[in-house]
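S.K.:
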Amino acid sequence: MIFTSVEFLIFFLVVVVVKRLLPSFRLEKNFLLVASYVFYMSWNLLCSGLLLFTSVLDYYVGRGLAVVEKPSHRRWLLVASLVANLGVLVFFKYSNFLIWNAQTVLGWLGWHPSLATLNVMLPVGISFFTFQSMSYTIDVYRRQLPP
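If you want our numbering, it's the position in the sequence shown, counting the first as 1, plus 644.
#1: For my contact list, PHE675 and LYS663 are in at a C-beta cut-off of 8 Å; report their separation, rounded to the angstrom.
#2: Cutting at 8 Å between CB atoms, please list the residues of its own chain near TYR681, excluding the five before and the five after it.
#3: Give me the Cα-Cα distance between LEU766 and PHE669, rounded to the nearest whole angstrom.
#4: Could you compute how far the alpha carbon of PRO790 sits from the alpha carbon of THR748?
#5: On the CB-based measure, 16 or more other CB atoms within 10 Å of its CB, does THR698 come out buried or exposed?
#6: Taking just the CA atoms, how far does SER777 sit from ASN688?
#7: Look at the alpha carbon of PHE652 and the alpha carbon of VAL660, and state the distance between them as a whole number of angstroms.
#8: According to DSSP, is ILE646 part of a helix, a strand, or is it coil?
#9: State the CB to CB distance for the pair THR761 and ASN740, rounded to an integer number of angstroms; the pair is presumed to be in contact (CB under 8 Å).
#10: When we look at the beta-carbon of ASN729 and count the other beta-carbons within 10 Å, is it buried (16 or more) or exposed?
#11: Return helix, strand or coil for ARG718, following the three-state DSSP convention.
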């Protein structure tokens, strides 16, 4: 769905009207979350799974950080979240870069393997939503934000 399309205008107007009609802030938040996922899914259904994975992972890590008091366990929850988020980002954004560099370095060492690059599509906004998600988890870890 392109921002300048009639389809987006209709979607946007429906979202604004429905949001204004909802009786509570909590319902508004949940509705906007679902509308955001629907908007992202309109671009690519498969990439939406990645956004959903990141959101759900960090939501539950945030909830875990709220109840776990032992500093070492809190740190492990944070590290698990950061590793998962950065792993997703590195895989989708930098895997071919790393493969090409590994191939070059191995070539300098006299070994010339033919490493295949990955044919993966870069999800729209992956850096943005990955860093936003990590920011949320870090803020909850530092107790600067409630889960």
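The beta-carbon is built from N, C-alpha and C at its ideal position, and this holds for glycine as well.
M.R.: According to the structure data:
#1: 6 Å
#2: SER692, LEU695 and LEU696
#3: 34 Å
#4: 46 Å
#5: buried
#6: 20 Å
#7: 12 Å
#8: coil
#9: 5 Å
#10: buried
#11: helix
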